[in-house]
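In this note's numbering, the protein residues as written are 184 to 346.
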């Protein structure tokens, strides 16, 4: 959840800058299993895993250039919003379930400062939204069998705007 302040750039209000702040919770499910032993985090690939999840809690700061074909009296309009989003990971947790075994711990192997590109477009309240990270999710210490983990999240979904 978050809020974005819209700052119009022209009298018609069809072009604007949006600046905001928000909180995010992201869950990444995969066959990548994170385990901890004596404060050392290790990773492995396990296709027999019941569930493996990495959860991040972030403080986000979006900056957008906004175009729409709205008028002063019409709140149903087409929009295209593109921009950047910076985020700081407040905390992260890795968890896996393998049969009767369930383990979870605070994961510190992540790049704390994240940033990426955003694009939203659609009509009225519900819009398509995409985010592509320009930073790696894991810091350079995370690896599987000597190969450094390189994950750049791509999120695609729906976003809704309340006027």
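For glycine and all other residues, C-beta sits at the position ideal for the given N, C-alpha and C.
Keep in mind that this is a model prediction, so the values were computed, not measured.
(message) Does residue 331 pass the burial test, meaning 16 or more other C-beta atoms within 10 Å, or should it be called exposed?
(response) exposed
(request) Report yes if the C-beta distance between residue 242 and residue 267 is below 8 Å; otherwise report no. (result) Not in contact: residue 242 and residue 267 (Cβ atoms no closer than 8 Å).
(message) Can you tell me whether residue 239 is helix, strand or coil according to DSSP?
(response) strand
(request) Identify whether residue 218 lies in helix, strand or coil by the three-state DSSP scheme. (result) strand
(request) Compute the Euclidean distance between the alpha carbons of residue 234 and residue 280, then round it to the nearest angstrom. (result) 5 Å
(request) Could you check what DSSP says for residue 285 in three-state terms: helix, strand or coil? (result) strand
(message) In this structure, how does DSSP classify residue 201 when only helix, strand and coil are distinguished?
(response) When DSSP states are grouped into helix, strand and coil, residue 201 belongs to the strand group.
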